[in-house]
Amino acid sequence: MKDFKKMFGKQSIGRSPLLVVFSAITLTACVTNPQRQPLYYWGDFQDQQYTYFKGEKGPEEGILALEKIREEASSKGRNVPPGLMAQLGIFYGMTGRMDRFEEDLQAEKRLFPESSTYVNFLLKKKQEQ
Amino acid sequence: MKNNRNKSLSLIALSVIGLLVGGCATTRQPYDYSAFKEARPTSILVLPPVNNSPDINATHSVMSLTTAPLAEAGYYVFPVTLVDETFKQNGLTTPADIHNLPAEKLQTIFGADAALYITVTKYGTSYAVLSSETRVTADAKLVDLRTQKTLWSGVATASSAEGNNNSGGGLLGMLITAAIKQIVETATDHGRVVAKTTSLRLLSAGTYNGILYGPRSPYYVKEDKVGP
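The listed protein sequences correspond, in order, to chains L and Y.
Numbered by this note's numbering, the letters in the first sequence go through residues 151 to 279 in order.
Numbered by this note's numbering, the letters in the second sequence go through residues 66 to 293 in order.
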């Protein structure tokens, strides 16, 4: 105890707990949501979407980037976000790998049945080409 | 010496209390969620945002930042890149034209419950003599494609100068803006860094007057219990 006082000085012992409590309150004051894990593993998915928009990279690079997110998600036991499997399928379609095109679009539909109408539209369009 | 220390301690305590009281204050009218609660959409089709800023990157930058907040809020979000491509393949290249498409047409192709109409009003850096500021402002309107009713609308802004003038948001807010500022000063695409914050503020659920949680969130239909 004597050493402790020597280290921090007499003043700080009495008052620092008060400050700690205040800081704790301030830091949590505006957090309205209970802490929870995100629903999906995102990696850099949104930046990849931006890259695709800008047309800076081809489908092969897109496949590598999205497969990386998918592998990281699965190794962490997390879900991939909406749209990732559909985009991956489209990339495979662009490189002529029609088995993976079909497989990954079906995966989007299985993970998110809300996508059924649109995924069916994308599948049908490719067959017509 | 002792007196000085006491003085500075009470100053610190006072400013902390000030932050506590000022941090979360809000005076806006609460949003009327009755149409939203009646409709309870499960999926959201984000249309390419109309861009009223001089930066041509704004539409795609903001569009590519919408999936995370909306999906984490509990909605299925249609793949924004593929949606954009589908419009292009049908000869629709300008967001304004896409925003004018009939709701039934969007519902037939995408099978979406609701569409999100975003307009970017500010995106970029303004330079002044002593300082520069990067600001991104956008508004959004969520429309039920089945009934064409507006379910929700909101507006949000973020600025690299937020830390400078202590614009509120509490200590946590100040820490965040300090971090933004630091990133902005080193990044090449200043607008995009700030747009990330704008998008989170605009489209996250569980915020005051924000979008409600969707069916994939554990807080779905419990918004009155968990948040503002």
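Built from N, CA and C at the ideal position, the CB exists for glycine as well.
Handout entry: DSSP three-state assignment for Y/ASP7, whether helix, strand or coil
Key = Residue numbering for chain Y in the displayed model covers 66 to 293; residue 7 of chain Y lies beyond these limits and cannot be assessed.
Problem - Whole-angstrom distance between L/GLU206 and Y/LEU166, CA atom to CA atom - result: One-based indexing of the second sequence puts residue 166 of chain Y at position 101. One-based indexing of the first sequence puts residue 206 of chain L at position 56. Going from the Cα of Y/LEU166 to the Cα of L/GLU206 covers about 29 Å.
Practice task
If I'm right that L/TYR268 touches Y/PHE152 with Cβ under 8 Å, what's the distance once you round it to whole angstroms?
Solution key: Indexing the first sequence from 1 puts residue 268 of chain L at position 118. Indexing the second sequence from 1 puts residue 152 of chain Y at position 87. No, L/TYR268 and Y/PHE152 are not in contact; Cβ-Cβ is about 12 Å, not under 8 Å.
Exercise for the section: Rounded to whole angstroms, what's the CA-CA distance from Y/ASP178 to Y/LEU147? Just pull it up for me. Expected result: Position 113 of the second sequence, counted from the start, is the residue given in the question as residue 178 of chain Y. Position 82 of the second sequence, counted from the start, is the residue given in the question as residue 147 of chain Y. C-alpha separation (whole angstroms): 18 Å.
Problem - Interface residues of the segment 166-182 of chain Y facing chain L [CB-CB below 9 Å] - result: GLN172, THR173, ILE174, PHE175, GLY176, ALA177 and ASP178
Exercise for the section: Kindly indicate the opening and closing residues of the beta strand (DSSP E) around L/TYR242. Expected result: Working through the first sequence from its first residue, we reach residue 242 of chain L at position 92. Element bounds for L/TYR242: not the beta strand (DSSP E) but the alpha helix (DSSP H), 234-244.
Practice task
Report all residues from its chain with a CB closer than 8 Å to the CB of L/ALA257; omit the five preceding and five following residues, and keep chain order.
Solution key: In the first sequence, residue 257 of chain L corresponds to position 107, counting from 1. Within the same chain, L/ALA257 has close Cβ partners MET235 and GLY239.
Exercise for the section: Return no unless some Cβ of chain Y is closer than 8 Å to the Cβ of L/LEU232. Expected result: Here residue 232 of chain L refers to the residue found at position 82 of the first sequence. According to the sequence as given, residue 232 of chain L is Pro; it is not Leu. At least one chain Y Cβ lies under 8 Å of L/PRO232.
Practice task
Flag this pair as yes or no: are the beta carbons of Y/THR263 and Y/THR202 separated by less than 8 Å?
Solution key: Reading the second sequence from its first residue, position 198 is the one you call residue 263 of chain Y. Reading the second sequence from its first residue, position 137 is the one you call residue 202 of chain Y. Result yes, Cβ atoms of Y/THR263 and Y/THR202 sit closer than 8 Å.
Practice task
Give the secondary structure of Y/ARG266 by DSSP, where H, G and I count as helix, E and B as strand, and everything else as coil.
Solution key: As a position in the second sequence, residue 266 of chain Y is number 201, starting the count at 1. Of the three classes helix, strand and coil, the one that applies to Y/ARG266 here is helix, per DSSP.
Handout entry: Residues sharing a beta bridge with Y/ASP178, DSSP
Key = Reading the second sequence from its first residue, position 113 is the one you call residue 178 of chain Y. Answer by DSSP bridge pairing: none, since Y/ASP178 is not bridged.
Practice task
Enumerate, from N- to C-terminal direction, the unbroken alpha helix (DSSP H) stretches of 4 or more residues contained entirely within the segment 135-222 of chain Y.
Solution key: 145-154, 160-164 and 168-175
Problem - Cβ of L/THR182 within 8 Å of any chain Y Cβ - result: Along the first sequence, one-based indexing puts residue 182 of chain L at 32. Below a pLDDT of 50, predicted positions are generally treated as unreliable, and L/THR182, at 49, falls in that range; the measurement from the model is reported next regardless. Output row for L/THR182: interface = yes.
Problem - Own chain residues within Cβ distance below 6 Å of Y/TRP217, not counting five before or after - result: The residue you call residue 217 of chain Y lines up with position 152 of the second sequence. The answer, listed in chain order, is PHE101, LEU207 and ILE276.
Practice task
Determine the extent of the alpha helix (DSSP H) in which Y/LEU110 is found, giving its start and end residues.
Solution key: Start at 1 with the first residue of the second sequence, and residue 110 of chain Y comes out as number 45. Y/LEU110 -> not in any alpha helix (DSSP H); beta strand (DSSP E) instead, spanning 108-111.
Exercise for the section: Consult DSSP for Y/TYR285 and reduce its assignment to one of helix, strand or coil. Expected result: Residue mapping note: residue 285 of chain Y aligns to position 220 of the second sequence, counting from 1. Y/TYR285 falls in the coil class under three-state DSSP.
Practice task
Could you have a look at Y/ASN274 and say whether DSSP puts it in helix, strand or coil?
Solution key: To locate residue 274 of chain Y, count along the second sequence from 1; it is residue 209. In this structure, Y/ASN274 counts as coil in the three-state DSSP scheme.
Problem - Meets three-Cβ-pair contact criterion under 8 Å: the segment 207-220 of chain L and the segment 110-129 of chain Y - result: no
Problem - Neighbourhood of L/GLN277 by C-beta distance below 6 Å, restricted to the same chain and skipping five residues each side - result: The residue you call residue 277 of chain L lines up with position 127 of the first sequence. Closer than 6 Å at Cβ, skipping near neighbours: no residue.
Handout entry: Three-state secondary structure (DSSP) of L/VAL107
Key = Shown here, chain L extends from 151 to 279; a query on residue 107 of chain L therefore has no answer.
Handout entry: Residues near L/GLU252 in its chain [Cβ-Cβ closer than 8 Å; skip 5 each side]
Key = If you number the first sequence from 1, residue 252 of chain L lands on position 102. GLY239 and LEU273, listed in sequence order.
Handout entry: Per-residue contacts from L/GLN237 into chain Y (C-beta, under 9 Å)
Key = The sequence position of residue 237 of chain L within the first sequence is 87, counting from 1. Correct list: PRO144, THR146 and LEU147.
Exercise for the section: Could you check what DSSP says for L/TYR191 in three-state terms: helix, strand or coil? Expected result: For the purposes of this step, residue 191 of chain L is identified with residue 41 of the first sequence, where counting begins at 1. It is coil, neither helix nor strand.
Handout entry: Members of the segment 186-212 of chain L near chain Y, C-beta cut-off 9 Å
Key = Along the segment 186-212 of chain L, going in chain order, the ones with a CB nearer than 9 Å to a CB of chain Y are ARG186, PRO188, LEU189, TYR190, TRP192, PHE195, GLN196, ASP197, GLN198, GLN199, TYR200, THR201, TYR202, PHE203 and LYS204.
Exercise for the section: Could you tell me which chain L residues have their CB closer than 8 Å to the CB of Y/THR107, listed as they occur along the chain? Expected result: As a working mapping, residue 107 of chain Y is identified with position 42 in the second sequence. Chain L residues near Y/THR107: GLU264.
Exercise for the section: Check the Cβ-Cβ distances between L/PHE271 and every residue of chain Y, and say whether any is below 8 Å. Expected result: Taking the first sequence and counting its residues from 1, one reaches residue 271 of chain L at position 121. Yes, L/PHE271 counts as interfacial toward chain Y.
Exercise for the section: Could you check if Y/LYS187 is buried or exposed, using at least 16 other CB atoms within 10 Å of its CB as the buried criterion? Expected result: Taking the second sequence and counting its residues from 1, the one referred to as residue 187 of chain Y is at position 122. Y/LYS187 is buried by the Cβ-count criterion.
Handout entry: Cross-chain neighbours of Y/ARG281 in chain L, by beta carbon under 7 Å
Key = Within the second sequence, residue 281 of chain Y is the residue found at index 216, counting from 1. In chain order: LEU189.
Problem - Local Cβ density within 10 Å of L/PRO263, reported as buried at 16 or more and exposed below that - result: Position 113 of the first sequence holds residue 263 of chain L. When all chains shown are included, L/PRO263 counts as exposed.
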